[in-house]
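*Asks:* Below you will find the structure I want to go over with you.
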Amino acid sequence: MLACLKQEIPQWVLGTSNYHFAREFDLKPIGTIAHEWFMGHQALVNERDSQQVALERWLTAFDGMLAIAPTDTLTIDAFLNDFNRHLANAYDGVRHDSGCPFRWGDKMIAHYQQLGIDPTTKLFIFSDGLDFGQALDLCEYFAGRVKISFGIGTFLTNDLANWRNAAGVEYRPLSIVIKLAECQGRPVAKISDQPEKAMCEDPIFLANLKRRFNIELDVDALIQELRHQKRSPRHYISAA
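Taking this note's numbering, the leading residue of the sequence shown gets 655, the next gets one more, and so forth.
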């Protein structure tokens, strides 16, 4: 796929997050901070400080480079509460990976403006299940308001169009999400702005994390998860 894209539309292929392919096809290695970085810090420092500490440590580790932050480890609202003027200035931009991209972008632009930062100097990267049509819609919506780029994965790498099996069932690509479950023996969580992308194994930790970040907690769902955990001690739960 990369070989084909580089040959046919080299001006639009900015790079790849796979270092092996970057070297093989002479492309720029690019990418954003992984959610695991933020999740791991939940076990390394006080949970309430984890997001801000993770953002600060990344800047220190990479000397201000590779500074594109995902916003949905703990929901966009929780992220913005920690994304102060210092961090918003220091980071080149942010990445959308769950929830409505249009509302997300409007909220991010408003946040930059509230901090006195010109949003047109920042880069928004969209990477949540995009195809070319959605990318064009986002281009039109945010034109002149912010710099934008796209990380298109499944549509390029696993697109079987309208393929159906012998029974006539339409093919749907798998939704594969790999995240941390524990760090140093302690539970961690990804809450996300999209329930299907949430992951956590410990409902008590999840409830406490939501409380610390003022995220709405469904008490009935928590009780059900606790009852289910008694029957199946290790399982993934929805962070709804």
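Just so it is clear, CB atoms sit at the ideal spot from N, CA and C, and this is done for glycine as well.
1) Pair every Cβ in the region 755-775 with every Cβ in the region 712-721, then say whether three or more of these pairs are closer than 8 Å.
2) With a threshold of 6 Å on Cβ separation, who are the neighbours of Arg840 within its own chain once the five nearest residues in sequence on each side are excluded?
3) Based on the DSSP secondary-structure assignment, which residues constitute the bridge partners of Val831?
4) Taking one C-beta from the region 767-782 and one from the region 796-816 each time, how about it: are there three or more such pairs within less than 8 Å?
5) With a cut-off of 8 Å on the beta carbons, I'd call Asp847 and Thr729 a contact; round off their distance for me.
6) Return yes when the Cβ of Lys864 is within less than 8 Å of the Cβ of His689, no when it is not.
7) Go ahead and pull the three-state DSSP assignment for Ser803.
8) Looking only at its own chain, which residues have a Cβ that is under 7 Å from the Cβ of Phe859, when we skip the five neighbours before and after it?
9) Short check: CB of Ala764 to CB of Ile869, under 8 Å?
10) Near Arg702, what residues of its chain come up, given a Cβ to Cβ distance below 6 Å and the 5 sequence neighbours on each side ignored?
11) Have a look at the DSSP bridge pairing and note the partners of Met853.
12) In three-state terms, what does DSSP make of Val699?
13) Quick one: using the 10 Å Cβ neighbour count with 16 as the cut-off for buried, is Gln705 buried or exposed?
14) Taking all protein chains shown into account, do 16 or more other C-beta atoms lie within 10 angstroms of the C-beta of Asp772, making it buried, or fewer, making it exposed?
*Replies:* Let me spell this out:
1) no
2) For the purposes of this step, residue 840 is taken as residue 186 along the sequence shown, with counting starting at 1. Taken in chain order, the residues that qualify are Ala697.
3) For this step, residue 831 is matched to residue 177 along the sequence shown. Val831 is not bridged to any residue.
4) yes
5) By 1-based counting over the sequence shown, the position of residue 847 is 193. By 1-based counting over the sequence shown, the position of residue 729 is 75. Contact holds; Cβ gap of about 5 Å.
6) Numbered from 1 along the sequence shown, position 35 holds the residue referred to as residue 689. Numbered from 1 along the sequence shown, position 210 holds the residue referred to as residue 864. No, the Cβ-Cβ distance between His689 and Lys864 is not below 8 Å.
7) Start at 1 with the first residue of the sequence shown, and residue 803 comes out as number 149. Correct three-state label for Ser803: strand.
8) On the sequence shown, residue 859 is found 205 positions in, with the first residue counted as 1. Once the five neighbours on either side are set aside, the close Cβ partners of Phe859 are Pro841, Ala843.
9) As a first step, residue 764 must be located in the sequence shown, where it is residue number 110. As a first step, residue 869 must be located in the sequence shown, where it is residue number 215. Result no, Cβ atoms of Ala764 and Ile869 do not sit closer than 8 Å.
10) In the sequence shown, the residue the question calls residue 702 occupies position 48. These residues qualify, in order along the chain: Arg866.
11) Indexing the sequence shown from 1 puts residue 853 at position 199. Met853 pairs with Lys844.
12) What you label residue 699 is simply residue 45 of the sequence shown in a count that begins at 1. Coil.
13) Stepping through the sequence shown from its first residue, residue 705 is reached at position 51. Buried, since its Cβ has 16 or more Cβ neighbours within 10 Å.
14) Mapped onto the sequence shown, residue 772 falls at position 118. Its Cβ having fewer than 16 others within 10 Å, Asp772 is exposed.
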